[in-house]
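Worksheet: the structure to be examined is printed underneath.
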Amino acid sequence: MFAKPEVRIRIVALAGLLIAWELCARFIFAPALFAPPSRVVAAWWPTVGQDPKVAHALIVALLEILAAFVLAVVVGIAAGVAIGINNFGRITLFPFVLLLWGLPQVVFLPLVILIFGIGPPSRIAFGFTHAVLPVIVNTVAGMRNVNPLYLEHARATGASRMQILRHVIFPNMVATVFTGLRLAMTLTLLGVILAELFVSTNGIGNYTQMFADTFKPASLLALVLTLAAMAVALNELVRLVESRFTRWRQG
Amino acid sequence: MTVRDRVASHAIQLLVVAVFFAAWVAITQAHAVNLLLLPALPAVGASLAKLVGTTVFWNAVGVTAWTTAIAYAISVAFGIAAGFFIGRSRVLTAALEPVISGVFAIPIVLFFPMIVIIFGIGPPSKIVFGAIYGFFPIALNTIAALSTVDPLFLRSARSLGASDAQVFRHVYLPGALPVIVTGLRVGFFICFASVLGGETLSSASGVGHQIARQGELMNSAPMYAWIVIVLGATVLLNLVLGAMAGRVRQA
Chain A
160 MFAKPEVRIR IVALAGLLIA WELCARFIFA PALFAPPSRV VAAWWPTVGQ
210 DPKVAHALIV ALLEILAAFV LAVVVGIAAG VAIGINNFGR ITLFPFVLLL
260 WGLPQVVFLP LVILIFGIGP PSRIAFGFTH AVLPVIVNTV AGMRNVNPLY
310 LEHARATGAS RMQILRHVIF PNMVATVFTG LRLAMTLTLL GVILAELFVS
360 TNGIGNYTQM FADTFKPASL LALVLTLAAM AVALNELVRL VESRFTRWRQ
410 G
Chain B
25 MTVRDRVASH AIQLLVVAVF FAAWVAITQA HAVNLLLLPA LPAVGASLAK
75 LVGTTVFWNA VGVTAWTTAI AYAISVAFGI AAGFFIGRSR VLTAALEPVI
125 SGVFAIPIVL FFPMIVIIFG IGPPSKIVFG AIYGFFPIAL NTIAALSTVD
175 PLFLRSARSL GASDAQVFRH VYLPGALPVI VTGLRVGFFI CFASVLGGET
225 LSSASGVGHQ IARQGELMNS APMYAWIVIV LGATVLLNLV LGAMAGRVRQ
275 A
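Here it is as structure tokens:
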């Protein structure tokens, strides 16, 4: 092994965790309550891979996540620019955004279900409300930390307001906004999955409930870990797009 | 910002709040929205007043408060311990910090059904769930905090013959405290929200359970009353913890 020491430690730690999980599941917990990784892997194909209904629920969840995320990004950046563009928005309105961001949104979940019903709209709405706030906050912050020297230079050379926005403020915002987008993806996942788990007739929540009620921890974990893998992939995707868009900064 | 600007901005903020409540009253008076979704303001106030005297209320608040307190104590103990263990070593930080932040970016709520199977529907499952969620920001901030401690201070303390305990007490703690305190504060609110979320998803007691139950019964005025209580408690806790954090930073 010629890997760097930190990579080696990471592999050892993850392997240790996996072994601890296997041993705990085999010797401490009852098999009806918890499953070791070996059984989860064996259960993956029959529960997730082979069952078209579960696969369909996973695709629906993915579409809900994407819809909520895109909606939050578009609305969040627009609202962030509107709030951050002048002192009025920043000083008077921005505190409300921060106040909303500090609230535990989960208390609104039953209300969101009452308003939007038990289908995909409620999940998209709940993912959206979770994700939109960090996008707004980071957009406003990004507009703020533009080097004042650049602004002055642009004004001195006769740039219009729109030109300043387009050529000075927007390029400077990219890094900060992407920090918001990364958080937004994490929170979209949280919002959509919370709503899915709370009530769902044919989505993911339905199947997690079913596997839990019928004591099939291996199937439950197979489904849950598939979703977790999806979440990791989506987070990495945002990171990848980020590094493409911010490459010019290093170079 | 001048005093006049500040007064003007607060006046406008009050106006925004007033408009919000006026709109609420106007909408409900005009029956523009189903009262099930948006109950009249006086009805919510009456529910709130009635609720505060009942034992149901104090039982629910007590369950949620105790659950949060225990969950938070566990996440603080494990978060600080893991943070110190990892943050003290550069190699361990490079190896494990990305793993911890990567896991924190996936929706851990996915594993909540598994936690309920193992720990039951009562408070223990919410304690485990809240403790897991609270652990991450505390551990991550502790790791980040230790990396900000100037290695020069460490070396000079060591060369003066300081013991491990003395280095911890006199170099790490004061240097890292501000960032650790931020982690403790963020961790508390995430822990609190997770306990509420767990109670909302599946439980038989606590504030989250009450909100979900009133929602299912379509008793919207009491549901709003419970939501108002949680939001009020959050704002209050935010002020208290903010003041405490400020004092720690000054000391």
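Taken in sequence, the protein lines are chains A and B.
Under this note's numbering, the first residue of the first sequence carries the number 160, and numbering increases by one thereafter.
Under this note's numbering, the first residue of the second sequence carries the number 25, and numbering increases by one thereafter.
In this text, a Cβ means the ideal position worked out from N, Cα and C, and glycines have one as well.
Fair warning: this is a prediction, and the values are worked out from it, not measured in the lab.
Comparing C-alpha distances from Val199 of chain A to each of A:Ile352, A:Glu181, A:Ala216 shows the shortest one belongs to A:Glu181.
Rounded to the nearest angstrom, the gap between the Cα atoms of Phe212 of chain B and Thr88 of chain B is 13 Å.
Flagged as an interface residue toward chain B: Asn394 of chain A, by a C-beta distance shorter than 9 Å. Residue contact check for Ala186 of chain B against chain A: no CB pair falls below 9 Å. Rounded to whole angstroms, the separation of the alpha carbons of Thr91 of chain B and Phe81 of chain B is 15 Å. Contact between Thr316 of chain A and Ile236 of chain A fails: their C-beta atoms lie close to 27 Å from each other, not under 8 Å.
Per the coordinates, the alpha-carbon of Val254 of chain B lies some 10 Å from the alpha-carbon of Leu260 of chain B. Contact annotation: the stretch 177-190 of chain B does not touch the stretch 223-236 of chain B, with fewer than three C-beta pairs closer than 8 Å. Against Glu165 of chain A, the close residues of chain B are Val115, Ala118, Ala119, in the order they occur along the chain (beta-carbon pairs closer than 7 Å). Residue-level contact by beta carbon fails for Val31 of chain B and chain A, as no gap is shorter than 9 Å. Identification of residues in the stretch 156-180 of chain B having a C-beta nearer than 7 Å to some C-beta of chain A yields an empty set.
Any Cβ of chain B closer than 9 Å to the Cβ of Ala174 of chain A would place that residue at the interface, and such an atom is absent. Taking a beta-carbon distance threshold of 9 Å, Val266 of chain A counts as an interface residue toward chain B. When the five nearest sequence neighbours on each side are left out, the beta carbons in the same chain lying within less than 8 Å of the beta carbon of Val213 of chain A are those of Thr206, Val207, Tyr366, Leu382, in order along the chain. Here the stretch 347-362 of chain A does not lie against the stretch 96-107 of chain B, with fewer than 3 beta-carbon pairs under 8 Å apart. Each of B:Gln37, B:Arg271, B:Gly222 was checked against the Cα of Pro202 of chain B, and the nearest Cα belongs to B:Arg271. For Ala217 of chain B, the chain A residues whose Cβ falls inside 9 Å of its Cβ are Leu262, Pro263, Gln264, Val265, Val266, in order along the chain.
If you check the CB distance, Thr251 of chain A and Ile36 of chain B come in under 9 Å. In the assembly as shown, Thr166 of chain B is a buried residue. Its beta-carbon has 16 or more other beta-carbons within 10 Å. Rounded to whole angstroms, the gap between the alpha carbons of Val291 of chain A and Ala257 of chain B is 23 Å.
The beta-carbon of Phe193 of chain A is placed less than 9 Å from the nearest beta-carbon of chain B.
Distances from the CA of Thr373 of chain A to each of A:Ala172, A:Pro190, A:Leu176 were compared; the closest alpha carbon is that of A:Pro190. Glu223 of chain A has its alpha-carbon roughly 23 Å from the corresponding atom of Glu240 of chain B.
Residue burial annotation: Cys183 of chain A is exposed, with fewer than 16 other C-beta atoms found within 10 angstroms of its C-beta. Contiguous alpha helix (DSSP H) elements confined to the stretch 288-338 of chain A occur at 307-315, 320-323, taking only those with 4 or more residues. Using a Cβ-Cβ cut-off of 9 Å, Ser71 of chain B does not count as an interface residue toward chain A, since no Cβ of chain A sits closer than that to its own.
Nearest C-alpha to Gly69 of chain B among B:Gly266, B:Cys215, B:Ala249, B:Val264: B:Ala249. The C-alpha of Trp260 of chain A is placed about 16 Å away from the C-alpha of Val336 of chain A.
Annotation for Gln368 of chain A: the continuous alpha helix (DSSP H) segment containing it runs 363-372. With a cutoff of 9 Å on beta-carbon distance, Phe160 of chain B and Phe136 of chain B are scored as not near each other. Within chain A, no residue has its beta carbon less than 7 Å from that of Leu75 of chain B; the closest one is some 15 Å off.
Taking a cut-off of 8 Å on C-beta distances, the stretch 114-126 of chain B does not touch the stretch 187-198 of chain B, as fewer than three cross pairs fall below it.
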